[in-house]
Structure formats: structure tokens, C-alpha cells
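Chemist:
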Amino acid sequence: MKIRLVLSTSLAALIACTGMAAPTRAPAELKSALDGVHRAGVPGVYAEVRDAGRTWRGASGVADVKTGRPVRSDMRQRVGSVTKTFTAAAVMQQVEQGRIELDAPIGGYLPQLVPGERGRKITVRMLLNNTSGIPDYIRYAFPSLADASPASLDDNRFRQFRPAELIEMGLAAPPAGEPGATPGVYSNSNYLLLGQLLEQVTGTPAQEYITRNVIERAGLRHTGFPDGPRIEGPHSRMYEALWGVMDPPRDYSVYNMSWTGTGAALVSTMEDLNRFYGKLLDGEIVSRSSLAQMQRTVPVVALDGSTIEYGLGLHKVETQGCGTFWGHDGTVWGAGTISLTRADGKRQMSVAVNLQRWNEPDSSGNPQPHPIDDALKTLYRQAMCGSGSGSAGGSAGGSGSE
95 MKIRLVLSTS
105 LAALIACTGM
115 AAPTRAPAEL
125 KSALDGVHRA
135 GVPGVYAEVR
145 DAGRTWRGAS
155 GVADVKTGRP
165 VRSDMRQRVG
175 SVTKTFTAAA
185 VMQQVEQGRI
195 ELDAPIGGYL
205 PQLVPGERGR
215 KITVRMLLNN
225 TSGIPDYIRY
235 AFPSLADASP
245 ASLDDNRFRQ
255 FRPAELIEMG
265 LAAPPAGEPG
275 ATPGVYSNSN
285 YLLLGQLLEQ
295 VTGTPAQEYI
305 TRNVIERAGL
315 RHTGFPDGPR
325 IEGPHSRMYE
335 ALWGVMDPPR
345 DYSVYNMSWT
355 GTGAALVSTM
365 EDLNRFYGKL
375 LDGEIVSRSS
385 LAQMQRTVPV
395 VALDGSTIEY
405 GLGLHKVETQ
415 GCGTFWGHDG
425 TVWGAGTISL
435 TRADGKRQMS
445 VAVNLQRWNE
455 PDSSGNPQPH
465 PIDDALKTLY
475 RQAMCGSGSG
485 SAGGSAGGSG
495 SE
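Counting in my numbering, the sequence shown tops out at residue 496, every number present.
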């Protein structure tokens, strides 16, 4: 059976920014939608939604299936590839300072990592928008996935990867496409290279630079790269089903995140994510001209085979009747997150779930629909559109790119 290596992006006066009164409870429709996701099979789901200065938070289900400990809306979460927006913002800051050129070849900065013709053809922009043609390394870092086995997940739980060895796995694989060609192919290898680029031009470890210049600039109090395999502060256990291979799903909340680094290792809260994207889209993290570059999208094929509109670390999501949203989603083992902000900044949603890859495959290895999918769509529609009738795409982890 063939396993799809899916690790997710299908995809105003805000309270945290202005110090307004404390948020009210989630409205009945949002709470009902959260409960629907839990009833459909997700142990725990929580969210924060902001609408023109009003903030609602809600949670449904449990953080621990053994003890019944309830999930809370303020819990910390491994947010997966939402990290990529933070990394992209850090790179754009260096572009603004003249230390990085978007259309310069990566080989000029990192000749040892990307030598030869490839290094001359692939630009920084191509890494940011996933048109480099460098394939994803995950299938090589977790080889048992090809045999529908979770052995690699357990083998790598406490393994310390070096970015260079993961990058080499991607570069050694058959190219996913020609540099600059569209549609691009989503690849975590690109964002590990961008982390190495940041270190090269700043002389500072990439995670430290992102912390000081992006996370702290945004005033995020509960966001950071983990120091070890455990998450500090209140958090849920994180249950991985691996398309039904693990039944019951296995807890991977304790995990060494060196396998994903500047691509997907951040821990955050839904409140912090809404605050971050609000400030980013308001021009407070990078300049307006840099933001415009980040919002120049190209078609990119996600790890699940779908095509998404991808910019420089930003995913564009169009909704019917509710407007255009910007943000990112992502997963790691057992945890899925999505954070989207409407283009005018007045409507935001961030949603977290503590179950991943719930869709069991058919005999051909294609993931089959699950009630969780429809329940999440209902939640997203309510979170993004309120009581309106708009429809939204995206995923908090059932499918997509990491």
C-alpha cells in the first residue's frame, strides 16, 4: 500500500493588539462547530476567531484520552509549517537590509550546500515560493513510511538531525522540477536551506534570529522554538493515526523537532498566531513592499497532490462570499494547525487539532473521506464567514503539504 507523505497546506482593532476588554465566550455557532469536530473523531480541537475588534475563543474535547483532561483554548501547539511564514519574514527583513537579494542564486550564498549548476540556477525567491525543484526530504528521513510502517517515527523520536544532512537528502533525490518552473512542488528542503541562508548572512543561528526579530517584534508571549523534545507550558497530547496504521492513534507530543527546524518546528498558541498574522499583514513585521513580494503567488503542488496558490511563505485562500485570506497551515506528528487572516485584517481564525492523518486508505492507497473532513469544513466556514453562507477550503491536517 502506498502512503502519501502528507504533512499539511491545503488551506483592525484586535484585542491582543489594543488591550481591549477580555474576549467573550465563543458564539453558539462556533461552539457548535467545535463540538462537531470533536464528535466526528478528533479528541481535542480549539480555536480563536477575531472579527472587527471582537475576539472569541473556544475548545471542545480532551487533551488526554486516558485521563479525560479537557483541551483549552490557550494551549500551546506544535504548529508545523506555519513556521514557514516566520522564516520567510526573517529572510525578507534581510532583503530590506540589502544582505540578501531575492533573485540572486543560492549557490552564491551557500556554495558548499548547493554547488554547481543547481546553485547557479536556484534563487532565494525560488526557495521561498517552492519553485526550486528541490524535492522534499521527509520520505528519506522517515523511510518506513513507504511501507506503511510507523517504525521511522519511533526511531527518530529523540534523534538529532543536522540541517545539512536533511538538505542533502533532498538534493540527492531526483529533482521535482526545473528551477523556476511552475507549478512548483512544495518541499521542506527549501525552508531548511533558508534557515542556513539566514545563519550565513547574519552570523546568528537562524532560530535565534527569528526569535529576536520576528517573534519578539510581534510581541508574541507563547511562541518559540523548543529547546528539547518536550513542550513547555500547557499543551495537549498529540495523536498520530498514520492513515489508520496506528489504532489507537499514538501520542507524539514528546519529539525532537530537529527533523524540521526552520521549516516547521515552532510551538505557539492560537492567540499568538492571530496576533502575528495581523501584524504581518499590517506591515509591522516587514515593510509594505516586502509584504507585496510575499503575496505574489504561483501555483504549487502540495504533498497531497492538490494545487495551492503560494507566495513567499504565505498561502492565499479564496472563499466564496467571504473574501481573500492569507496565512498558512501545517502539521507535525499528531498536531494540525491552520491560521488565516482576511486581506483587510478584520477577520482572523486560528484552529488547532490533536489528531492527524485520520483518513484510512482504500486498496489503492488513496485516503478516503472521513466525517472529520466535513466537520472541519463547517468549522472553517463558521470561523471565516460567521453566520454567512460563504465556503472555505483548507485543512488543519487531514491533507495538504506540511
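Think of the CB as a built atom: it goes at the ideal place given N, C-alpha and C, for glycine as much as any other residue.
Note that this is a predicted model, so its numbers are computed, not measured.
#1: To which residues of the same chain is P299 closer than 7 Å at the C-beta, ignoring the five residues directly before and after it?
#2: In this structure, what does DSSP give as the bridge partners for L449?
#3: Please classify A429: does DSSP put it in a helix, a strand, or coil?
#4: Taking the beta carbon of N460 as the centre, do at least 16 other beta carbons fall within 10 Å, making it buried, or is it exposed?
#5: Out of G174, L473, P320, L247, point me to the one whose CA is closest to Y285's CA.
#6: Using beta carbons (cut-off 8 Å, strictly below), is E302 in contact with chain B?
#7: Jot down the residue ranges of each uninterrupted alpha helix (DSSP H) in the stretch 349-423, minimum 4 residues, whole runs only, in chain order.
#8: So, for D456: in the same chain, excluding its five sequence neighbours on each side, which residues have a beta-carbon less than 8 Å away from its beta-carbon?
#9: Near G155, what residues of its chain come up, given a Cβ to Cβ distance below 7 Å and the 5 sequence neighbours on each side ignored?
#10: Are L260 and I200 touching if we call contact CB-CB under 8 Å?
#11: Rounded to a whole number of angstroms, what is the C-alpha to C-alpha distance between G210 and G274?
#12: Mapping the DSSP letters down to three states, classify P342 as helix, strand or coil.
#13: Just to confirm before moving on: does the CB-CB distance between A437 and T418 stay below 8 Å?
#14: Taking the alpha-carbon of L247 as reference, which of D376, E123, S352, G377 has the nearest alpha-carbon?
#15: I believe W150 touches L124 by the beta-carbon criterion, under 8 Å. Please report the beta-carbon distance rounded to the nearest angstrom.
#16: Please classify P229: is it buried, with 16 or more other beta-carbons within 10 angstroms of its beta-carbon, or exposed?
#17: Look at the Cβ atom of T217, then the Cβ atom of V392, and state whether they are nearer than 8 Å.
#18: If I'm right that M186 touches S384 with Cβ under 8 Å, what's the distance once you round it to whole angstroms?
#19: Are the stretch 306-323 and the stretch 416-434 in contact at 8 Å, needing three or more beta carbon pairs?
#20: Name the DSSP beta bridge partners of L292, please?
#21: Under the rule that 16 or more other beta-carbon atoms within 10 Å means buried, what is E190, buried or exposed?
#22: What whole-angstrom Cβ distance do Y349 and N448 have, given they're in contact under 8 Å?
#23: Tell me, please, which residues DSSP counts as bridged to M443.
#24: Please report the straight-line C-alpha distance between R170 and H329, rounded to a whole angstrom.
#25: Assuming the contact rule is C-beta atoms closer than 8 Å, S433 and L367 should be a hit. Round their C-beta distance to whole Å, please.
#26: Could you tell me the alpha carbon to alpha carbon distance between K471 and A359, rounded to whole angstroms?
#27: Alpha carbon to alpha carbon, what distance is there between V361 and R540?
#28: So, at 7 Å on beta carbons, what are the nonlocal neighbours of M331 in its own chain, with the 5 sequence-adjacent residues on each side left out?
#29: What does the alpha-carbon distance come out to for the pair M478 and G202?
#30: Please report the Cβ distance between P269 and T401, rounded to the nearest whole angstrom; I am assuming they are in contact, meaning their Cβ atoms lie under 8 Å.
#31: For Q206, count neighbouring Cβ atoms within 10 angstroms of its own Cβ and tell me buried if that reaches 16, exposed if not.
#32: Do you know whose CA, among F180, R163, R441, lies nearest I304's CA?
#33: Judging by CA-CA distance, which residue of V339, V426, T317, H409 is the nearest neighbour of D168?
#34: Just list the residues that DSSP pairs P164 with in beta bridges.
#35: First and last residue of the alpha helix (DSSP H) that includes D467?
Modeler: So, from the listed chains and residues:
#1: Scanning its chain for C-beta atoms nearer than 7 Å, with the 5 sequence neighbours on each side dropped, one finds around P299 the residues E293, in chain order.
#2: Answer is Y333.
#3: Collapsing the DSSP output to three states places A429 in a strand.
#4: That one is exposed.
#5: Answer by Cα proximity: G174.
#6: Included in the structure is just one protein chain, with no chain B present.
#7: Counting only runs that start and end inside the stretch 349-423, the alpha helix (DSSP H) elements of at least 4 residues fall at 355-358, 364-375, 382-388.
#8: Here the set comprises Q462.
#9: By the criterion of a C-beta distance shorter than 7 Å, G155 is surrounded in its chain by H132, V136, P137, G138, V139, V165, once the five residues flanking it on both sides are discounted.
#10: Their beta carbons are not under 8 Å apart, which means L260 does not touch I200 by this criterion.
#11: The alpha-carbon atoms of G210 and G274 are separated by roughly 17 Å.
#12: Reduced to three states, the DSSP call for P342 is coil.
#13: In contact: A437 and T418 (Cβ atoms closer than 8 Å).
#14: L247 has its Cα closest to that of S352, out of D376, E123, S352, G377.
#15: Taking C-beta atoms under 8 Å as the contact rule, W150 and L124 qualify, at a distance of about 6 Å.
#16: P229 comes out buried.
#17: No, the Cβ-Cβ distance between T217 and V392 is not below 8 Å.
#18: The pair is a contact, with the Cβ atoms about 4 Å apart (cut-off 8 Å).
#19: No, the stretch 306-323 is not in contact with the stretch 416-434.
#20: For L292, which the question treats as bridged, DSSP gives no partner whatsoever.
#21: It is exposed - the Cβ of E190 has fewer than 16 other Cβ atoms within 10 Å.
#22: Not really, about 14 Å apart at Cβ, beyond 8 Å.
#23: Under the DSSP definition of a beta bridge, M443 partners with V143, L434.
#24: Rounded to the nearest whole angstrom, the CA to CA distance from R170 to H329 is 5 Å.
#25: The pair is a contact, with the Cβ atoms about 4 Å apart (cut-off 8 Å).
#26: Across the structure, K471 and A359 are spaced so that their CA atoms are roughly 26 Å apart.
#27: The question about residue 540 has no answer here: the residues shown for the chain are numbered 95 through 496.
#28: Correcting the residue type first, residue 331 is Arg in the shown sequence and not Met. Exclusion of the five residues before and after R331 leaves A157, D158, D345, S347, N448 as the residues of its chain whose Cβ lies within less than 7 Å of its Cβ.
#29: The alpha-carbon atoms of M478 and G202 are separated by roughly 42 Å.
#30: With a beta-carbon spacing of about 19 Å, P269 and T401 fall beyond the 8 Å limit used to define contacts.
#31: Burial call: exposed.
#32: Ranked by Cα distance from I304, the options F180, R163, R441 are led by F180.
#33: Of V339, V426, T317, H409, the residue nearest in Cα terms is T317.
#34: Answer by DSSP bridge pairing, in chain order: V156.
#35: 465-479 is the span of the alpha helix (DSSP H), which, as asked, contains D467.
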